[in-house]
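So in the UniProt record's numbering, spot 1 of the sequence shown is number 1, and the numbers just go up one at a time.
Ideal Cβ positions, reconstructed from N, Cα and C, are used throughout, including at glycine.
On a predicted model such as this, the values are computed, not experimentally measured, just so you know.
Written below as structure tokens is the structure these notes are about.
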Amino acid sequence: MTLLFDKHRLIVSPGLAPTELRETEEFGGGQSADAVLTIGLVNNMPDAALQATERQFMRLLEQAAGKTQIRLHCFSLPSVHRSQTAKWRVDEQYGDIADLPRLDIDGLIVTGAEPIAAALRDEPFWQDLVDIIDWAKDNTRSTIWSCLAAHAAVLHLDGIERHRLATKCSGVYDCATTAGHWLTKELPSPLKTPHSRLNEVRADDLTASGYQLLTQSAEAGVDIFAKQLRSQFIFFQGHPEYEALSLQREYLRDITRYLGGERDTYPAIPAGYFDIWTEKKLAGFQQRARAERKLPLSIELPGLTLRPDIATGTAAAAIFKNWLQYLTGGAATGQDEEPTA
Numbered sequence: 001m002t003l004l005f006d007k008h009r010l011i012v013s014p015g016l017a018p019t020e021l022r023e024t025e026e027f028g029g030g031q032s033a034d035a036v037l038t039i040g041l042v043n044n045m046p047d048a049a050l051q052a053t054e055r056q057f058m059r060l061l062e063q064a065a066g067k068t069q070i071r072l073h074c075f076s077l078p079s080v081h082r083s084q085t086a087k088w089r090v091d092e093q094y095g096d097i098a099d100l101p102r103l104d105i106d107g108l109i110v111t112g113a114e115p116i117a118a119a120l121r122d123e124p125f126w127q128d129l130v131d132i133i134d135w136a137k138d139n140t141r142s143t144i145w146s147c148l149a150a151h152a153a154v155l156h157l158d159g160i161e162r163h164r165l166a167t168k169c170s171g172v173y174d175c176a177t178t179a180g181h182w183l184t185k186e187l188p189s190p191l192k193t194p195h196s197r198l199n200e201v202r203a204d205d206l207t208a209s210g211y212q213l214l215t216q217s218a219e220a221g222v223d224i225f226a227k228q229l230r231s232q233f234i235f236f237q238g239h240p241e242y243e244a245l246s247l248q249r250e251y252l253r254d255i256t257r258y259l260g261g262e263r264d265t266y267p268a269i270p271a272g273y274f275d276i277w278t279e280k281k282l283a284g285f286q287q288r289a290r291a292e293r294k295l296p297l298s299i300e301l302p303g304l305t306l307r308p309d310i311a312t313g314t315a316a317a318a319i320f321k322n323w324l325q326y327l328t329g330g331a332a333t334g335q336d337e338e339p340t341a
């Protein structure tokens, strides 16, 4: 598979090729693509996760594409605050979001962002997100909304409010398929999906507004859900794109923030993620950190070992394969996919 980046620059990632290559060079030996898709990635993740998010979605698209050629255009909302270094990367490597309407996008992926305000409508990027939601509804075959972007989309579309959780939902959870849908075709059930969020939208609120619940966890709640508008909207409350160490990096970041006085509460250990011996060591470190609470203590964190059965990325590969098949017209359709708005 060949993944082409819109600014004619090579991003260091497997499967990328400069856009100026001729088709016979791109696929080798005159092999042609079965289909060509144009996909947009609106990456609003915080600076520390910006490049990792690029890599995660590029890897999934590469694994899922087969002989489909993907032209990937990366964007970030200009209202998302960036450090100078991250802003330079976005300016150099990403497209101008104003150019989105001229690109004939087939599929769009919109990530979450680091929350700043208590209410979504008070976020500095709220209006930019609303504009993307309205545009995607009429101008894409399907759009994936991830985490905070999913919460923003359902709030704007149907007035569904998110609810603050008592403690952060963080870990790898068993999520069972709850409805037949082309996105969950050949998906393992239960599938293990990473979640990392402070808020949730609830099943009853979603179903009352015509959303179809696709996967759900007894512990984490709604995982993936969908709604057919003029575009097929797919929503992730979790992060199927996460790599094995993504939750570990977030957990260590939150510990450092606690020790440095940037957060009031000590982070909970991600559920179903570390092995039992690591959890015991981390519980001991937590007691010490609460007693001493000083930043240099972070260098004394114990070695960490993940559970061998977390299988991060397995479900995501199947999800994105099905999504690309839908974009090319290869997925089976049913009554649930008829436009409702």
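Exercise. State the beta-bridge partners of G107 as determined by DSSP.
Key: Paired residue(s): I39 and S142.
Quiz prompt | Stretch-stretch touch, CB-based, cutoff 8 Å, three pairs: the region 200–216 with the region 281–292 | solution = Of all C-beta pairs linking the region 200–216 to the region 281–292, fewer than three are shorter than 8 Å, placing the two stretches out of contact.
Practice problem: Using the Cα positions of K281 and D264, report the straight-line distance between them to the nearest angstrom. | Solution: A straight-line Cα-Cα distance of about 22 Å links K281 and D264.
Self-check item: Per-residue burial, D106 [other beta carbons within 10 Å of its own, 16 or more giving buried]
Solution: Its Cβ being crowded by 16 or more others within 10 Å, D106 is buried.
Self-check item: Three-state secondary structure (DSSP) of I160
Solution: I160 falls in the coil class under three-state DSSP.
Practice problem: Would you mind giving the Cβ-Cβ distance between G272 and G159, rounded to the nearest angstrom? I have them listed as a contact below 8 Å. | Solution: The beta-carbon distance between G272 and G159, rounded to whole angstroms, is 33 Å. This is too long to meet the 8 Å contact definition.
Quiz item: Any idea what DSSP makes of N44, helix, strand or coil?
Solution: In the structure shown, N44 adopts coil according to DSSP, grouped into three states.
Quiz item: Leaving out five residues before and five after L108 in sequence, what residues of the same chain have Cβ atoms less than 6 Å from its Cβ?
Solution: Result list for L108: G40, A136, T140 and T143, in chain order.
Self-check item: Through-space distance from W277 to L77, alpha-carbon basis
Solution: Each residue's alpha carbon lies about 42 Å from the other.
Exercise. Report the three-state DSSP secondary structure of G284 (helix, strand or coil).
Key: Per DSSP, reduced to three states, the secondary structure at G284 is helical.
Quiz item: Going along the chain, which residues of its own chain have a beta-carbon closer than 6 Å to the beta-carbon of V36, five neighbours each way excluded?
Solution: When the five nearest sequence neighbours on each side are left out, the beta carbons in the same chain lying within less than 6 Å of the beta carbon of V36 are those of Q69, in order along the chain.
Self-check item: Contiguous beta strand (DSSP E) assignments of at least 3 residues, all confined to the region 200–283
Solution: Fully enclosed beta strand (DSSP E) runs of 3 or longer: 212–217, 221–228 and 232–236.
Quiz item: In terms of alpha-carbon separation, which member of C169, I224 and L155 lies closest to residue 342?
Solution: Given a span of 1 to 341 for the chain in the structure shown, any question on residue 342 remains unanswerable.
Quiz item: Helix, strand or coil: how does DSSP classify N322 here?
Solution: For N322, the secondary structure class from DSSP, reduced to helix, strand or coil, is helix.
Quiz item: With respect to the alpha helix (DSSP H) encompassing T85, which residues constitute its N-terminal and C-terminal limits?
Solution: Residues Q84 to Q93.
Quiz item: What number of angstroms, rounded off, separates the C-alpha of I97 from the C-alpha of R288?
Solution: The straight-line gap from Cα to Cα measures roughly 47 Å.
Quiz item: Considering only the beta carbon of each residue, do I116 and E123 sit closer than 8 Å?
Solution: E123 is positioned such that its CB atom lies closer than 8 Å to that of I116.
Quiz item: Do you know offhand how far E161's Cα is from H151's?
Solution: Approximately 8 Å between the Cα atoms of the pair.
Practice problem: Assign T167 to buried or exposed, taking buried as 16 or more other Cβ atoms, counted over all protein chains shown, within 10 Å of its Cβ. | Solution: Result: exposed.
Practice problem: Spell out a yes or no on whether the region 180–187 and the region 219–234 are touching, meaning 3 or more CB-CB pairs, one atom from each, closer than 8 Å. | Solution: Output reads yes: the region 219–234 touches the region 180–187.
Quiz prompt | L304 beta carbon less than 8 Å from that of F285 | solution = Going by C-beta atoms, F285 is not nearer than 8 Å to L304.
Exercise. Quick one: grab the DSSP three-state call for K137.
Key: Helix, per DSSP.
Quiz item: In three-state terms, what does DSSP make of T68?
Solution: Look at T68 here: in three-state DSSP terms it is strand.
Quiz item: Tell me, which residues are paired with residue 347 by DSSP?
Solution: The structure shown has nothing for residue 347, since the chain only spans 1 to 341.
Exercise. Report the residue from L306, R249 and Q248 whose alpha carbon sits nearest the alpha carbon of D275.
Key: Of the candidates L306, R249 and Q248, the one whose C-alpha sits nearest the C-alpha of D275 is L306.
Practice problem: Check the C-beta distance from A65 over to L324 and give it rounded, since I have them as a contact under 8 Å. | Solution: Between L324 and A65 the Cβ distance is about 6 Å, and since that is below 8 Å, they are a contact.
Exercise. Would you grab the beta carbon distance between A315 and T193 for me? Rounded to a whole angstrom, and I think it's under 8 Å.
Key: Sure, about 6 Å apart at Cβ, within 8 Å.
Self-check item: Minimum C-alpha distance to V42 - residue among S246, R257, Q84 and A113
Solution: When each option's Cα is compared against that of V42, the closest is A113.
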